Amino acid sequence: MNNETGIAIKKKQQRNKLIETGTIIALVIIFAVILPAVIPAFRLRLIGRFLSLAIVALGIDLIWGYTGLLSLGHGIFFALGGYALAMHLNLQLPEGQLPEFFTLYGVEELPWVWQPFYSFPLTILALIIIPGIVAGLIGYLVFRNRIKGVYFSILTQAALLVFFNFFNGQQEIINGTNGLKTDTERIFGVLVSSPGVQRAFYIVTVISLILIYLLCRWLTSGRFGRLLKAIRDDETRVRFSGYDPTGYKVLVFAISGAIAGIAGALYTVQTGIITPSIMQVAFSIEMVIWVAVGGRGTLIGAIIGTMLVRLAQTFLSESFPEIWLFFQGALFLIVVTVLPDGIVGWWTSYGWHKSRSLLGLQPKLATYPSLVEDPELQQERETIAKK
Amino acid sequence: MSKILEIEDLTVSFDGFKALNNLNFSLDAGELRVIIGPNGAGKTTFLDVITGKVQPTKGRVLFKGKNLKKIPEYKIARMGIGRKFQTPRVYLNLTVRENLDLVCNRNKNVFPTLFGHANNSEKRTVGGLLETIGLDSKANLQANLLSHGEKQRLEIGMLVAQSPDLLLVDEPAAGLTDEETENVGALLLSLAQSHSIVAIEHDMEFVRQIATDKVTVLHQGALLCEGKMDQVQNDPRVIEVYLGETPE
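Line order of the protein sequences matches chains A and B.
Just so we're aligned: 261 in numbering that gives the first Met the number 0 is position 262 of the first sequence, and the numbers increase by one with no gaps anywhere.
Just so we're aligned: 149 in numbering that gives the first Met the number 0 is position 150 of the second sequence, and the numbers increase by one with no gaps anywhere.
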């Protein structure tokens with residue numbers, strides 16, 4: 000009997016996997032092939048930026064949705080990634096020249112922090128590793144002392160403010176509040192803002208999003224993922240079962256930070272500039288809102304939430320420039336009060352069954368779906384009926 | 000017989016309040032010991048100290064002869080002490096099987112957990128445990144769909160999955176129906192054949208069912224008396240602390 004249930008579950012899993020692969024391929028075709036061909040370049044650039052924001056939302060979902068740690072400081076990691084790539088682009092100059100802004104402050108020699116960013120591979124490495132290490136360090140200090148819940152959120156926000164002020168004050172190193180421009184710079188000898196390069200960045204964003212989605216899928220399935228949920232639901236129990244939660248939390252926070260770094264780099268080159276204002280408190284909170292709207296603990300929800308909120312924002316700010324912020328506030332209130340599990344959470348727990356039964360695809364259920372549809376329980380019911 | 004747990008002159012004070020006061024206690028390997036005592040006797044603190052949640056102010060706890068001072072909880076758990084909490088604490092968003100699998104994991108460090116898979120012997124252990132705790136038909140159900148009694152049994156199963164030498168069980172019968180209480184009692188008795196168990200309990204009916212060995216009575220953080228169940232029950236001091244001070 001157990002064997003048959005196992006097979007039934009495996010079949011269901013296989014079917015789900017097929018559906019998922021199909022959906023991913025369809026989405027790739029839509030986003031990477033069809034969209035670039037149909038919509039104008041500036042709209043495409045907009046979508047590219049949203050997709051890079053969806054990447055950071057995945058990182059937030061990993062640490063918040065799965066591990067239960069609400070980070071309000073992802074702007075730090077996002078900015079670190081963005082600055083890393085922007086610094087590389089600003090160094091694409093003839094031999095011996097310095098980026099323009101240095102002359103404003105009388106800097107004659109390139110600061111040592113800039114040196115590694117001459118190399119493209121090192122830059123790519125840095126934009127992933129540096130945010131990861133910074134996140135890991137912050138995480139280690141916080142988690143080792145068993146700080147969690149609201150205190151963790153406040154600490155990450157405080158860290159964000161520290162970085163924000165620090166970056167603002169460093170005129171002589173990274174041009175302070177003015178930030179670094181990328182649109183007028185060159186990459187591999189081509190102007191960054193040229194349509195070809197922008198399209199390439201767009202494609203890279205789509206591919207990164209998928210790879211990072213798959214990475215998160217892998218992390219959150221299997222034992223590791225179940226342990227993350229266990230830490231979220233009952234950390235003390237985890238400890239008394241012989242696991243040390245600190246290591247797990249540090250690793251997940253570091254991965255989440257690295258993901259934010261990648262997102263920041265892709266966002267920067269499709270925006271044209273990076274300034275410390277990317278580390279404003281409101282922006283990091285907005286990232287959390289995207290995940291909450293889409294649905295915590297469902298990776299696809301993070302992506303959907305980001306796209307929806309950002310698209311609505313664009314549409315509303317174009318149509319109602321004065322009051323669109325109210326819409327955003329209302330949206331968040333609605334989600335928190337009516338859909339605590341977000342759109343995807345609502346869909347899987349209610350919408351899916353409801354729409355199926357409306358279409359007559361599903362028999363009406365008397366109790367919990369998982370009880371009525373459990374093949375093993377069905378079998379038991381049949382054997383009892385035969386007797 | 001060798002001692003699996005020895006507690007010497009243990010004092011735990013919280014801001015001057017002594018939750019445990021010069022407590023001495025020892026447990027033989029393979030013994031099932033029931034600890035009773037009125038509210039505030041220090042029963043839960045007693046378990047907290049053994050599992051490393053609270054550090055002793057004075058005295059020491061020896062597990063298999065090793066001092067447990069300053070060892071973090073997860074290491075104590077790995078040394079072979081499993082603890083069941085008063086209210087059932089299982090992972091509600093995981094299925095019954097996943098709950099057990101997580102605890103069954105042999106190497107609990109970060110990277111082996113990330114890259115490893117359940118091997119066959121672990122799968123067999125989980126299968127066996129599901130039968131022992133009588134939940135094999137609900138193995139793939141989320142734990143939040145279980146009844147209170149089933150959650151209690153699942154948590155006891157999770158303890159056993161840890162393959163500990165010493166089980167600490169905190170009020171396993173709390174909030175159970177009579178039938179479920181008896182199930183849990185039978186489960187504990189069958190586990191007692193291969194584990195050392197310390198059970199804390201309030202329900203006297205239940206204590207009578209499982210107290211085959213000695214019973215220890217705690218009162219105001221100290222040992223009041225120890226002995227067979229019927230001995231303890233007739234001890235005037237025990238009657239006094241349970242029924243209140245006898246007027247002079």
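Glycine included, C-beta positions come from ideal geometry on N, C-alpha and C.
Quick caveat, the model's predicted, so the values are computed rather than measured.
Closest residue to residue i among the options (Cα-Cα distance)
i        : options                                   : result
B:Lys213 : B:Thr10, B:Ile35, B:Glu7 and B:Pro111     : B:Ile35
B:Ala28  : B:Leu166, B:Ala172 and B:Met203           : B:Leu166
A:Phe239 : B:Arg77, B:Thr124 and B:Thr180            : B:Arg77
A:Ile391 : A:Leu17, A:Leu126 and A:Gln96             : Because chain A in this structure spans residues 0 to 386, residue 391 of chain A falls outside the shown range and cannot be described.
A:Leu34  : A:Leu227, A:Tyr201 and A:Gly296           : A:Tyr201
B:Gln208 : B:Thr86, B:Glu181 and B:Lys83             : B:Glu181
A:Phe49  : A:Gln312, A:Val334 and A:Val335           : A:Gln312
A:Ala253 : A:Ser283, A:Leu92 and A:Gly58             : A:Gly58
B:Thr131 : B:Leu140, B:Glu149 and B:Gln141           : B:Glu149
A:Tyr119 : A:Asn89, A:Gln96, A:Glu107 and A:Ala281   : Here residue 119 of chain A turns out to be Phe, not Tyr, going by the sequence shown. Nearest option by C-alpha distance: A:Asn89.
A:Gly344 : A:Leu109, A:Leu298, A:Ile261 and A:Thr102 : A:Leu298
A:Val112 : A:Ser356, A:Tyr82 and A:Leu213            : A:Tyr82
A:Thr155 : A:Gly341, A:Asn15, A:Val337 and A:Leu71   : A:Leu71
B:Lys107 : A:Thr267, A:Phe331, A:Thr176 and A:Thr245 : A:Thr245
A:Ile387 : A:Ile277, A:Gln269 and A:Leu358           : Outside the displayed span of chain A (0 to 386) sits residue 387 of chain A, for which this structure offers no information.
Chain A contact for residue i (CB, 7 Å cutoff)
i        : result
B:Tyr73  : yes
B:Ala185 : no
B:Thr124 : no
B:Leu128 : no
B:Glu225 : no
B:Ile33  : What sits at residue 33 of chain B in the sequence shown is Val, not Ile. Cβ-Cβ to chain A under 7 Å: no for B:Val33.
B:Asn92  : yes
B:Val109 : yes
B:Val95  : no
B:Val197 : no
B:Leu101 : yes
B:Ala191 : no
B:Lys142 : The identity of residue 142 of chain B in the sequence shown is Ala, whereas the question assumes Lys. Judged by the 7 Å Cβ criterion, B:Ala142 is not in contact with chain A.
B:Leu113 : yes
B:Ala221 : no
Per-residue DSSP class, three states only, for residue i
i        : result
B:Gly226 : strand
A:Val191 : coil
A:Lys10  : helix
B:Ser25  : strand
A:Thr181 : coil
A:Phe319 : coil
B:Ser120 : helix
A:Ile24  : helix
B:Pro188 : This sequence places Leu at residue 188 of chain B; Pro is not what is there. B:Leu188 falls in the helix class under three-state DSSP.
B:Asn143 : helix
A:Phe200 : helix
B:Pro92  : It is Asn, not Pro, that sits at residue 92 of chain B in the sequence shown. Residue state, collapsed to three classes: coil.
A:Leu358 : coil
B:Leu165 : strand
A:Glu94  : coil
B:Asp8   : strand
B:Glu247 : Note that B:Glu247 scores 46 on pLDDT, short of 50, meaning its location in the model is unreliable and no value can be drawn from it.
Close Cβ partners of residue i (< 8 Å) along its chain, the five nearest in sequence each way excluded
i        : result
A:Ala56  : Met286, Trp289, Val290, Gly293, Ala301, Ile302, Gly304 and Thr305
A:Leu43  : Leu34, Pro35, Gln197, Arg198 and Tyr201
A:Leu121 : Pro115
Cut-off 6 Å between Cβ atoms - residues of its own chain near residue i, not counting five sequence neighbours on either side
i        : result
B:Pro246 : Unreliable placement is indicated for B:Pro246, whose pLDDT of 48 sits below 50; the coordinate value is still reported in the next sentence. There are no such residues.
B:Leu9   : Leu19, Leu22, Pro55 and Gly58
A:Leu227 : Tyr65 and Thr66
A:Ser316 : Trp323
A:Val161 : none
A:Phe326 : Leu315
A:Ile211 : Ile54, Leu57 and Ile258
A:Thr347 : none
Same chain, Cβ closer than 7 Å to residue i, five either side skipped, listed in chain order
i        : result
B:Ile80  : Ile49, Thr50, Phe62, Pro163, Leu165 and Leu167
B:Leu128 : Leu99, Gly156, Val159 and Ala160
A:Ser207 : Ile54, Ile261 and Leu265
B:Ile70  : Gly51
Any non-hydrogen atom of the ligand FMN closer than 6 Å to residue i Cβ
i        : result
A:Trp346 : You won't find the ligand FMN in this model; it holds no ligand whatsoever.
Chain-ordered residues of the stretch 225-255 of chain A with a beta carbon less than 7 Å from chain B: Within the stretch 225-255 of chain A, the residues whose Cβ lies closer than 7 Å to some Cβ of chain B are Arg225, Leu226, Lys228, Ala229, Asp232, Asp233, Arg236, Arg238, Phe239, Ser240, Gly241, Tyr242, Asp243, Gly246, Tyr247 and Leu250, listed in chain order.
Please list, in chain order, the residues of the stretch 213-225 of chain A that have any C-beta partner in chain B closer than 8 Å. Answer set for the stretch 213-225 of chain A: Leu218, Gly221, Arg222, Phe223 and Arg225.
Taking beta-carbon pairs under 8 Å, can you tell me which members of the stretch 78-90 of chain B lie near chain A? Interface annotation for the stretch 78-90 of chain B against chain A: Gly81, Arg82, Phe84, Arg88, Val89 and Tyr90, criterion Cβ-Cβ distance under 8 Å.
Residues within the stretch 149-167 of chain B neighbouring chain E, beta-carbon criterion of under 8 Å: Annotation note: the requested chain E is absent from the structure, which comprises protein chains A and B.
Under 7 Å (Cβ pairs) to chain A, residues found in the stretch 50-64 of chain B: Listed in chain order, the positions of the stretch 50-64 of chain B with a beta carbon within less than 7 Å of a beta carbon of chain A are Thr50.
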